[in-house]
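Enquirer: For this note's numbering, count along the sequence shown from 1 and bump the result up by 51. From the three backbone atoms N, C-alpha and C, an ideal C-beta is built for every residue, glycine too.
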Amino acid sequence: MRIMSLNSWGGTLWDSLLPYLRDESPDVLCLQEVVHSPASPRDWLIYRDGDHVLDQRANLLRDVTGALPDHVPLFCPAARGTLWDGDDPVPSFWGLATFVHRDLPIVGQVQGFVHKGFEANGFGEHPRSRSGHAVRVWDDRLDRGVSIAQMHGLRDLAGKMDTPERAVQARRFLGLLRAVAEPGDATVLCGDFNVEPGSETLSYLADEGFDELVTGGGHPTTRTSHYPKPGRFADYMLVGPDTRPAAFEVVRDPEVSDHCPLVLTL
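(1) Report yes if the CB atom of Phe-150 is closer than 8 Å to the CB atom of Leu-82, and no otherwise.
(2) Going by other Cβ atoms of all chains shown within 10 Å of its Cβ, with 16 needed for buried, is Arg-73 buried or exposed?
(3) What is the rounded straight-line gap between the Cα of Thr-214 and the Cα of Leu-111?
(4) Ends of the beta strand (DSSP E) at Glu-300?
(5) Do Asp-236 and Arg-187 come within 8 Å of each other at the CB atom, strictly closer than that value?
(6) Would you be able to state if there are at least three C-beta pairs under 8 Å between the segment 183-200 and the segment 149-169?
(7) May I have a chain-ordered list of the beta strand (DSSP E) segments no shorter than 3 residues that lie completely inside the segment 65-101?
(8) Would you mind working out which of Val-239, Gly-204, Phe-261 sits nearest Phe-284, comparing C-alpha positions?
(9) Mind checking whether Asp-286 and Asp-258 have CB atoms under 8 Å apart?
(10) Taking 7 Å as the limit between beta carbons, can you name the residues of its chain near Val-301, skipping five residues before and five after?
(11) Taking only the alpha-carbon atoms, compute the straight-line gap between Phe-261 and Leu-240 and give it to the nearest angstrom.
(12) Closest to Pro-292 by CA distance: which of Lys-280, Ala-298, Glu-263 is it?
(13) Can you list the beta strand (DSSP E) stretches of 3 or more residues lying completely in the segment 220-244, in chain order?
(14) Quick check on Pro-215: does DSSP put it in helix, strand or coil?
(15) Keeping to the same chain, check which residues put their C-beta closer than 8 Å to that of Gln-220; ignore five residues upstream and five downstream.
(16) Under 8 Å Cβ to Cβ from Trp-95, same chain only, skipping five residues before and after it: list those, please.
(17) Where does Glu-176 fall in DSSP's three states?
(18) Of the residues Ser-254, Val-115, Asp-191, which one's Cα is nearest the Cα of Gly-267?
(19) Look at the alpha carbon of Gly-173 and the alpha carbon of Ala-129, and state the distance between them as a whole number of angstroms.
(20) What distance in whole Å lies between the Cβ atoms of Val-115 and Ala-148, which are believed to be in contact at a cut-off of 8 Å?
(21) Hey, quick one: how far does the alpha helix (DSSP H) through Gly-62 stretch, first residue to last?
(22) For a test of the three-state rule: what should DSSP assign to Arg-113, helix, strand or coil?
(23) Leu-193 and Leu-317 - do their beta-carbons sit closer together than 8 Å?
(24) Could you give the C-beta distance for Glu-306 and Thr-275, rounded to a whole number, given that I count them as a contact under 8 Å?
Dropping the structure here:
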């Protein structure tokens, strides 16, 4: 089984992202920053947050679903806010999506929030609502269940330092995984955590028996050349005590986002 985690950057590098996802077609794709604007016929809309202006793929959920026709899409919105078509506001959902190959029966799942709750009338004040999703699938090749949880950790404008909110977030995140996992499962935690390698979040998960594969494998960054700011880590993948990776990769080429894809093979 191949599991990929990727912050899609709202599909900003869509011309590279689409063929990459289609060609790689992982068994389970955990995708963050997924946009869904069902009322808009546009391919692109604009996100505006003060001086932060960014092109967004208007219906990234639909587009990735089309690129992966053999997968079941599971969308977990964190908020409904406004994107822009010129000067016209467009209501848009934003959150996570998990794509599971149809050969893998989904035998359990839970959707919840690791920070705040669903925002229906705007993206909200920073740090904004963040959703999490855990899914349990059965893999006949492994003859065992595989439980996977992803999140997009809260973004604090002050930085990626430890905060009480991030401590709560880590516990809620692990709680989502434990809500679906059964004894004997392979277990995986992944996503854009928005924390540094020495964070309390990762220390907590290590104390709970999870091995972190990014810095643990000597990978120097999870960011691409499209991310010019300091701080070279945001994305992580961890495996539980009874889970032995066959391979793990931080994909540097091609660049499909300002984040690198993380790919785990079990």
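Expert: So, to answer that:
(1) Within the sequence shown, residue 150 is the residue found at index 99, counting from 1. Within the sequence shown, residue 82 is the residue found at index 31, counting from 1. Result yes, Cβ atoms of Phe-150 and Leu-82 sit closer than 8 Å.
(2) For the purposes of this step, residue 73 is identified with residue 22 of the sequence shown, where counting begins at 1. By the 10 Å Cβ count, Arg-73 comes out exposed.
(3) If you number the sequence shown from 1, residue 214 lands on position 163. If you number the sequence shown from 1, residue 111 lands on position 60. Their backbone Cα atoms lie some 31 Å apart in a straight line.
(4) Here residue 300 refers to the residue found at position 249 when the sequence shown is read from its first residue. 298-301 is the extent of the beta strand (DSSP E) around Glu-300.
(5) Taking the first residue of the sequence shown as 1, we reach residue 187 at position 136. Taking the first residue of the sequence shown as 1, we reach residue 236 at position 185. For Arg-187 and Asp-236, yes; Cβs fall inside 8 Å.
(6) yes
(7) 79-87, 95-100
(8) Position 233 of the sequence shown holds residue 284. Taking only the C-alpha atoms, the option nearest Phe-284 is Gly-204.
(9) In the sequence shown, the residue the question calls residue 286 occupies position 235. In the sequence shown, the residue the question calls residue 258 occupies position 207. Contact flag unset, no.
(10) What you label residue 301 is simply residue 250 of the sequence shown in a count that begins at 1. Cβ neighbours of Val-301 beyond the five flanking positions: Val-265, His-270, Thr-273, Cys-311, Leu-313.
(11) Taking the sequence shown and counting its residues from 1, one reaches residue 261 at position 210. Taking the sequence shown and counting its residues from 1, one reaches residue 240 at position 189. In this structure, the straight-line span from the alpha carbon of Phe-261 to that of Leu-240 is close to 8 Å.
(12) Start at 1 with the first residue of the sequence shown, and residue 292 comes out as number 241. The option with the nearest alpha carbon to Pro-292 is Glu-263.
(13) 237-243
(14) Taking the first residue of the sequence shown as position 1, residue 215 is located at position 164. Of the three classes helix, strand and coil, the one that applies to Pro-215 here is helix, per DSSP.
(15) On the sequence shown, residue 220 is found 169 positions in, with the first residue counted as 1. Same-chain partners within the cutoff: Val-165, His-166, Arg-181, Met-202, Gly-204, Leu-205, Thr-252.
(16) Here residue 95 refers to the residue found at position 44 of the sequence shown. Answer for Trp-95: Asp-106, Gln-107, Arg-108, Ala-109, listed in chain order.
(17) Taking the sequence shown and counting its residues from 1, the one referred to as residue 176 is at position 125. It is coil, neither helix nor strand.
(18) Numbered from 1 along the sequence shown, position 216 holds the residue referred to as residue 267. The candidate whose alpha carbon is nearest that of Gly-267 is Ser-254.
(19) Reading the sequence shown from its first residue, position 122 is the one you call residue 173. Reading the sequence shown from its first residue, position 78 is the one you call residue 129. Note on geometry: alpha-carbon atoms of Gly-173 and Ala-129 lie some 10 Å from one another.
(20) Residue numbering aside, residue 148 sits at position 97 when the sequence shown is read from its first letter. Residue numbering aside, residue 115 sits at position 64 when the sequence shown is read from its first letter. Ala-148 to Val-115, Cβ: 7 Å. Contact.
(21) Locating residue 62 in the sequence shown gives position 11, where the first residue counts as 1. Per DSSP, Gly-62 belongs to no alpha helix (DSSP H) and is neither H nor E.
(22) Counting from one through the sequence shown, the residue named residue 113 turns up at place 62. Arg-113 falls in the helix class under three-state DSSP.
(23) Position 266 of the sequence shown holds residue 317. Position 142 of the sequence shown holds residue 193. Yes, the Cβ-Cβ distance between Leu-317 and Leu-193 is below 8 Å.
(24) Here residue 306 refers to the residue found at position 255 of the sequence shown. Here residue 275 refers to the residue found at position 224 of the sequence shown. Sure, about 4 Å apart at Cβ, within 8 Å.
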